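Written below as structure tokens is the structure these notes are about.
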Amino acid sequence: MIEEAIFIGYLIFLLIVGWLGTRRTKTGEDFYVAGRKMGAWVLAFTHEASIMSGWVFLGAAGFVYEHAVAGTWVVPGDVLGTLMVLILCGILVHRIGKLTGAISVIDVLEARYYDEDKRIIRLILTLVILFASWAYVVSQLVAGGKTLEFFFGWKYGYAVVIVGMIIILYTMASGMLAVAWTDFVQGLLMLIGLSLAIIVALKEVGGFAPMLDKLHAMDPSYTKLAPNFLVTMLSFTVLLGSGTFGYLGQPHIHARYLAAKDEKTIANATVISVVVISIFMIGAALGGLAGKVLWPDPSVFPRGDPEYVLLQLFRYAFSPAMAALFTTAVLAGAMSTADSWLLVASTSASWDFYKQYLRKPIDQKKQVNIARITTLVLGFLAILFSFKPESVFWLVALAWGTFASAIGPPLVLGLYWKRATRKGALVSIIVGAIVNAAWHYAGLEAYSHPAVPGMAAATIALVVISLLDKEPPKKAQDLVVYARTGKLPEDSEWKQLQAS
59 MIEEAIFIGY LIFLLIVGWL GTRRTKTGED FYVAGRKMGA WVLAFTHEAS
109 IMSGWVFLGA AGFVYEHAVA GTWVVPGDVL GTLMVLILCG ILVHRIGKLT
159 GAISVIDVLE ARYYDEDKRI IRLILTLVIL FASWAYVVSQ LVAGGKTLEF
209 FFGWKYGYAV VIVGMIIILY TMASGMLAVA WTDFVQGLLM LIGLSLAIIV
259 ALKEVGGFAP MLDKLHAMDP SYTKLAPNFL VTMLSFTVLL GSGTFGYLGQ
309 PHIHARYLAA KDEKTIANAT VISVVVISIF MIGAALGGLA GKVLWPDPSV
359 FPRGDPEYVL LQLFRYAFSP AMAALFTTAV LAGAMSTADS WLLVASTSAS
409 WDFYKQYLRK PIDQKKQVNI ARITTLVLGF LAILFSFKPE SVFWLVALAW
459 GTFASAIGPP LVLGLYWKRA TRKGALVSII VGAIVNAAWH YAGLEAYSHP
509 AVPGMAAATI ALVVISLLDK EPPKKAQDLV VYARTGKLPE DSEWKQLQAS
């Protein structure tokens, strides 16, 4: 009974945070980007908690369990990805947001590609974001349902509904304010849980070297980073797509740069984030490897699903109360990402589509209410599609790859290459999204993470079309100069807009 009491107390805490946040959520800017006042520690923890999700506890640990040492390619991929997106995009996106008043990454791209009149980029990306955000929320509800089913014996469907409704309620209440502060707490819980995973994993198998010896005795291929061509290709593309370059296109990450207080905040958050993500990934990887030694046959897990390996490890090694604390950390991972994606989706529907695309006159109160209604509807649809317990790893891969392919190339090239054009960006977005989805639904994920072919196709499309297209207007090129230097050319139209 004490285990369930711990979990229920945690859910009540999240609702209280959401309720307190309503008192500070007065405008659309408050709801979407926390009034642009987010500090370094909150930014760092919401950055990592929203990225890692239930994926790190279930998906990543299960992937390492399944592929042994070859699966540990995910560790450097995610650490490098965090570092790359903060260094390459963090301050630059923040600068453009400050200059243009951007609320979302779509605002940033629309300004960069001078698409304010036709707004085609906005429309296409809104549809892409609504689809992929929904898939991501589904993956986190699946993670939450699996966790509660495993630890408390709750029926999977009931667990999904409970987790989903709590997330919907506090995200509806105060948007980014609630999401950021609950992510901070949830990130701390994840940090504790995965730090314990490192200790427990090594203790249960007698240390790192004995663990490798036992894996080698089971099967020599288990201790190889490249056991065969197919596994190596899959692991390497997971490093590139799930980690490293895949991070560059994630809209929920860029929303946090728009919410940051200043550039120094982002610089400080970079150091904290890299430390946190390193602990997260090492904990998941060691837990997966230790689980492979302790339970080489996955039939010991519910439905033979290796994504339960970390949950099994903690139930095996700890008292029920301590195991319940770890359960809370796993749920924290799932909920901290689900709320972020609900917020991204509600921003796209209420701000990017209703206010900016349709250009409907709307006051601040109505704007926030539309965002809350969107959160409710999308959250409810996600619950409905979460009743089948699919693989968290590959659900995340679909959503993550969609964003990486559709947003990453036009955003990064747009920030650094003045020659990138609107036409090139449009083709890139469409090609990236289609190739990523086609790869996923064609069942080719055994060969490569879908983000890799998606990003490659999108990048080639953008470069080729941009070079064939006429040179972009000076206003677009000036925005690139400002993003990279923090200074506008003297004759820039942006200076005239600021003055007016």
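Residues in the sequence shown are numbered consecutively from 59, following the numbering used here.
For each residue, glycine too, the CB sits at the ideal point set by N, CA and C.
What you are looking at is a predicted structure, and each value in this text was computed from that prediction instead of being measured.
- Leaving aside the five residues that flank Phe266 on each side, the residues in its chain whose CB is nearer than 7 Å to its CB run, in chain order, Leu260.
- Secondary structure of Ala318 (DSSP, three-state): strand.
- Remark: fewer than three beta-carbon pairs, one from each stretch, lie closer than 8 Å, so the region 421–430 and the region 197–204 are not flagged as touching.
- Relative to the Cα of Ala63, the nearest Cα in the group Tyr540, Leu383, Pro278, Gly501 belongs to Leu383.
- The region 311–326 and the region 522–540 do not touch, with fewer than 3 CB-CB distances between them shorter than 8 Å.
- Excluding five sequence positions before and after His498, the CB atoms of its chain that fall closer than 6 Å to its own CB belong to Leu456, Pro508, given in chain order.
- In this structure, Gly307 lies away from Phe121, with their beta-carbon atoms at least 8 Å apart.
- With respect to the C-alpha of Ala495, the residue from Ile182, Lys545, Val186 having the closest C-alpha is Val186.
- Here Gly112 is not near Gly222, since their CB atoms are 8 Å or more apart.
- Taking the C-beta atoms as reference points, Tyr415 is found nearer than 8 Å to Arg177.
- For Tyr171, the closest alpha carbon among the candidates Ala519, Ala483, Ile487, Leu502 is that of Ala483.
- Using a Cβ distance threshold of 8 Å, Leu316 and Gly135 do not count as a contacting pair.
- For the region 449–521, the full-length alpha helix (DSSP H) segments reaching 4 residues or more read 450–464, 466–474, 480–499 along the chain.
- Excluding the 5 residues flanking it on each side, Asp549 has no same chain C-beta neighbour closer than 7 Å.
- Pairing Val493 with Gly466, the inter-Cα distance amounts to about 14 Å.
- Here the alpha carbons of Phe294 and Glu262 stand approximately 29 Å from one another.
- Within a 10 Å sphere around the beta-carbon of Ala343 sit 16 or more other beta-carbons, which makes this residue buried.
- If you keep only unbroken alpha helix (DSSP H) runs of at least 4 residues inside the region 167–224, you get 178–210.
- With distances taken between CA atoms, Ala392 lies nearest to Gln244 out of Gln244, Ile74, Val132, Gly341.
- For the pair of segments examined, the region 471–483 was found to touch the region 538–554: the number of CB pairs separated by less than 8 Å reaches three.
- Contact between Gly437 and Ile226 holds, since their C-beta atoms are separated by about 4 Å, short of 8 Å.
- By the C-beta density criterion, Glu529 is exposed, having fewer than 16 other C-beta atoms within 10 angstroms.
- Ala440 and Ser191 have their C-alpha atoms spaced approximately 10 Å apart.
- Burial check for Val522: the Cβ neighbour count within 10 Å stays below 16, so the residue is exposed.
- Counting only runs of at least 4 residues, the region 84–162 fully encloses the following alpha helix (DSSP H) elements, listed from N- to C-terminal order: 86–91, 98–112, 119–125, 132–143, 149–158.
- The alpha-carbon of Ser331 is positioned some 7 Å away from that of Thr140.
- Note that the C-beta distance between Ala504 and Leu292 is below 8 Å.
- Cβ-Cβ distances below 6 Å link Ala403 to Leu188, Ser191, Leu436 in the same chain, with the five nearest sequence neighbours on each side left out; the list follows chain order.
- The C-beta of Phe71 has fewer than 16 other C-beta atoms within 10 Å across all chains shown, which makes the residue exposed.
- In this structure Asp173 is buried. Its beta-carbon is surrounded by 16 or more other beta-carbon atoms within 10 angstroms.
- The continuous stretches of alpha helix (DSSP H) do not include Leu283, and DSSP gives it neither H nor E.
- Remark: C-beta atoms of Ala119 and Val367 approach each other more closely than 8 Å.
- In the displayed model, Trp239 falls within a helix according to three-state DSSP.
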